[in-house]
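Here the structure is laid out as structure tokens; the discussion comes afterwards.
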Amino acid sequence: MTEPLLRIRNLRVWFPVGAALFGKPAQLRAVDGVDFDLQAGEALGIVGESGCGKSTLARAILRLVPSTAGQIVWMGQSIEGWSTRQVRPLRRDLQIVFQDPLASLDPRMTVGEIVAEPLRVHAPELSRAERRERVADILRRVGLSPDVINRYPHEFSGGQCQRIGIARAMVLRPKLLVCDEPVSALDVSIQAQIVNLLQDLKRDFGMSILFVSHNLAVVRKLCERVLVLYLGKPMELAPTEMLYSDPRHPYTRGLLAAVPIPDPAVQPLRLGTALGGELPSPLSPPSGCVFRTRCPMAEPQCAATAPTFDEVSDAHRVACWRWREK
Ligand SMILES: Nc1ncnc2c1ncn2[C@@H]1O[C@H](COP(=O)(O)OP(=O)(O)OP(=O)(O)O)[C@@H](O)[C@H]1O
Ligand SMILES: [Mg+2]
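For the sequence shown, the numbering used here begins at 75 and goes up steadily by one.
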């Protein structure tokens, strides 16, 4: 098998909070032992409820927050200890699209300046004319007329602003596009257009995508595999269709029960599995399996020992003591 584009091993991101008067500050475990590989050209969805660590994981991979432990291997190089300065050249290949399209664009810059900025920083060898051509080309590819270059972000709708954000991220033709809830702030009718755009860009440019979302329907459309996170820990990792048709983790089933999926074959698995209760605090996660306090299948063993991330099959892994039972 070829070296993956990105390899994540036992990644932890803990935030010290509330500097205690005596002793150490408490540690908030936002990401707590995540493992996965991302292949070139692959889209991986990262799903889970609000607060389960999706954004923190994405940011740690981009080195926007420091990781506490574990490995981030980018194209064969361990980058987890790298400083901002060391990471800067990697930005050419590692780009991000944010959730709030308007807030992520500088209101004082024109669309042309916004989209050209990454080229100015990372491809200074380009002439002005070449830069202008690259900007016009990517604007066309994201469905905007190159005429928009002299306009400002506030003149555009949310969906158009997200197209501008995607153009800025794609203008360098990155190898990995990290999308943190890129459609959550948009109207439902616009969401599908942006997802289609990402699909088209992936087909044309062949980049990998890490797609963070709490919307399982959107993830299903775009991603080849899905990683389910709960309290910073991986619960299940599987090819998309496998995850939706044969979910093995009670948490995955709970998430699926909350979304309407027009597929009768999936229905029986979802019976009686809607999620109750609230996410426990990542400051003091439950012992053993972190999901056990909300799990309809929990038994004493689950409180005593954390389950291992078992292989259900080659590509399908799950962290549950009872995954063999349906
Ligand atoms: N800089 C920080 N300092 C302290 N705690 C943080 C920090 N950033 C995130 N957290 C905490 O880490 C946990 C995970 O947050 P994160 O934003 O990664 O979740 P998320 O899955 O992206 O949620 P959402 O779906 O709401 O975006 C939360 O409990 C959050 O409060
Ligand atoms: Mg988030």
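Built from N, CA and C at the ideal position, the CB exists for glycine as well.
Are the CB atoms of L311 and C126 within a distance shorter than 8 Å? No, these two residues do not count as a Cβ contact at 8 Å.
Less than 7 Å between the CB of T326 and some heavy atom of ligand 1, yes or no? The answer is no for T326.
DSSP state of K307, grouped into three classes? Strand, per DSSP.
Could you pull out every residue in the same chain whose Cβ sits closer than 6 Å to the Cβ of D106, ignoring the five residues on either side in sequence? Excluding residues within five positions, the ones whose Cβ falls inside 6 Å are R86, G306 and K307.
Per DSSP, what kind of secondary structure is H390 in: helix, strand or coil? Judged by DSSP in its simplified three-state form, H390 adopts strand.
Tell me which residue opens and which closes the alpha helix (DSSP H) that G97 is part of. Neither: G97 is in no alpha helix (DSSP H) and is coded neither H nor E.
Return yes when the C-beta of S358 is under 7 Å from any heavy atom of ligand 1, and no when it is not. No, the Cβ of S358 stays beyond 7 Å of every heavy atom of ligand 1.
Burial state of Q265 (16 or more Cβ within 10 Å): Around the CB of Q265, 16 or more other CB atoms lie within 10 Å, so the residue is classed as buried.
Of the choices L80, A143, G150 and V292, whose alpha-carbon is the least far from that of L272? Here the closest residue by C-alpha is V292.
Reference R90; option with closest CA among A132, V189, T76 and V139: The sequence as given places Pro at residue 90; Arg does not occur at that position. Of the listed residues, the one whose Cα sits closest to P90 is V139.
Who are the Cβ neighbours of L136 in its own chain at under 7 Å, not counting the five residues just before and after it? Correct list, in chain order: L168, I170 and V252.
In the structure shown, what three-state DSSP assignment does I120 receive? Reduced to three states, the DSSP call for I120 is strand.
To the nearest whole angstrom, what separates the beta carbons of M244 and I212, a pair I think is in contact under 8 Å? Contact flag correct, Cβ pair sits at about 6 Å.
Which value, in whole angstroms, describes the spacing of the CA atoms of G122 and A210? Approximately 37 Å between the Cα atoms of the pair.
S282 versus A117: straight-line alpha-carbon distance, rounded: If I take the Cα positions, the gap works out to 5 Å.
Given this structure, state the Cα-to-Cα distance separating R247 from I188, to the nearest angstrom. CA-to-CA, the gap between R247 and I188 works out to about 16 Å.
So which of G119, H228 and P370 has the shortest CA-CA distance to L349? If we check each option's Cα against that of L349, P370 comes out closest.
Three-state secondary structure (DSSP) at S319? Three-state result, S319: helix.
Is R396 helix, strand or coil by DSSP? In this structure, DSSP gives R396 a state outside helix and strand, which the three-state scheme calls coil.
Nearest-angstrom Cα separation, counted from I240 out to A100: Cα-Cα distance, rounded: 38 Å.
I'd like to know whether the C-beta atoms of A389 and G362 end up nearer to each other than 8 Å. No, the pair does not count as a contact, with Cβ atoms beyond the cut-off.
Quick one: complete alpha helix (DSSP H) runs, 4+ long, within the region 274-303? If we require 4 residues or more, the alpha helix (DSSP H) runs fully inside the region 274-303 come out as 290-296.
Buried or exposed by the 16-neighbour rule on C-beta atoms within 10 Å, applied to D254: By the 10 Å Cβ count, D254 comes out buried.
Roughly how many whole angstroms lie between the Cα atoms of F110 and A372? Cα to Cα, the separation comes out at about 26 Å.
CB V108 to CB I146, shorter than 8 Å? No, the pair does not count as a contact, with Cβ atoms beyond the cut-off.
Taking 7 Å as the line, does the beta carbon of V108 fall inside it for any heavy atom of ligand 1? Checking every heavy atom of ligand 1 against the Cβ of V108, none is found closer than 7 Å.
Which runs of the alpha helix (DSSP H) fall wholly inside the region 108-158 and span at least 4 residues, in chain order? Complete alpha helix (DSSP H) runs here, min 4: 128-135.
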